[in-house]
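In this text, residue positions in the sequence shown follow our numbering: the first is 1405, and each later residue adds one.
Backbone N, C-alpha and C fix where the C-beta goes; we use that ideal spot for every residue, glycine too.
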Amino acid sequence: MSDAPAVPQAALTWAARAVGPRARVRHVRRLPGGTHAATHLLRIAPPKTEVVLRRFPPRDPAPAREAAVLRALDGLDARAPRLLAVDPAGRHCGAPAVLTSRVPGGADIRPADPEAAARRLGAALALVHAVPRARLSGLRDCMAAARFSAQRAGERTDEGPAAPVVAAHEERLARQPRVLTHFDYWSGNVLWEGSALSGVVDWSGAGSAPRGLDVSWCRLDLVLLHGPVLGHAVADAFHAAYESAARTEVSDLVLWDLFALRNAYRSVTTWLPNYHGLGRTDLTGEDLRARHTAWTAARLHAWRKGRS
């Protein structure tokens, strides 16, 4: 059973019991990407199935939040995992954990056709945001979480060129209608089978917020991945496809872009391991900083032009 020592036996036993009384874990494999949780693919039989175990740091509330979100998603037309079990206090797994079905496919942040991939990213996000609002009850406020997450990462939300503009208009953004929000919608949190987007994963941060939060966060990621020229075109292709699929406009898009840039102002270079883990070893911390700076300048220019 490869990679088995990385997962406590008690956690494997718990996972198997969630599948069936006679089930046993036959194979364990660490999955790439992400730094928040240790993620493993478990092959279990009988019945023969594959599940995903994600274990979080001690006292992390993410598994309980993710369980609530997965119930609200109800499979997302087979594009989101199904909840199998949750161990919020780590009583069985030695750390807070969530067990889900496996969505087919794999991560791919090096698409042969970046604009086509971005259009599929936009359509998939529209599907997320179409989850009925009645299911959002009890989910966390992602606007408040965005500020808290930035502060926990060492950010000061009053720093960076975008900060003054965002501070002056943040309440306006927060008053916009809420949708089910992924909160970390980027290219590494979707799965592909060939050129088809097969699933959206990592729901531990999800909650409710205006649609612009997810849209602007993904646009920033696309610029970081593809650079200041291609990246801008890819980000615009994503946005156009999203609005077409959602059948609505994203209000205050430029301001939302500045919101994402402000929240990532200090931490953007720390994302490098996520990109390297998924094969973009060509990127450097200097690349991420330069692309963040160029995108900030472009969006501030758009903001000033729109107000002139």
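In the DSSP assignment, residue 1681 falls within the alpha helix (DSSP H) that extends over 1676-1681.
In the three-state reduction of the DSSP assignment, residue 1431 falls in the strand class. Excluding the 5 residues flanking it on each side, residue 1708 has no same chain C-beta neighbour closer than 8 angstroms. Residue burial is scored here from C-beta neighbours: residue 1467 has at least 16 other C-beta atoms within 10 angstroms and is therefore classed as buried. Looking at the DSSP output, residue 1510 bridges to 1596. Annotation for residue 1518: 1630, 1638 place their beta carbon closer than 6 angstroms to its own, counting only its chain and skipping 5 residues before and after. The residue from 1640, 1699, 1647, 1679 with its alpha-carbon nearest to that of residue 1664 is 1699. In this chain, the alpha helix (DSSP H) harbouring residue 1576 covers 1567-1578.
In the three-state reduction of the DSSP assignment, residue 1602 falls in the strand class. The Cβ atoms of residue 1566 and residue 1669 lie closer than 9 angstroms to each other. Counting along the chain, no alpha helix (DSSP H) covers residue 1583; the unbroken beta strand (DSSP E) around it starts and ends at 1582-1585.
One alpha carbon belongs to residue 1458, the other to residue 1442, and they sit about 6 angstroms apart.
Residue pairing for residue 1446: DSSP places it in a beta bridge opposite 1432, 1455. Between residue 1604 and residue 1435, the C-beta gap is not smaller than 9 angstroms, which leaves the two residues out of contact. Boundaries of the alpha helix (DSSP H) around residue 1634: 1634-1650. Residue 1600 and residue 1591 have their C-alpha atoms spaced approximately 13 angstroms apart.
For the options 1419, 1645, 1666, the alpha carbon positioned closest to that of residue 1448 is the one of 1419. The C-alpha of residue 1426 is placed about 42 angstroms away from the C-alpha of residue 1676.
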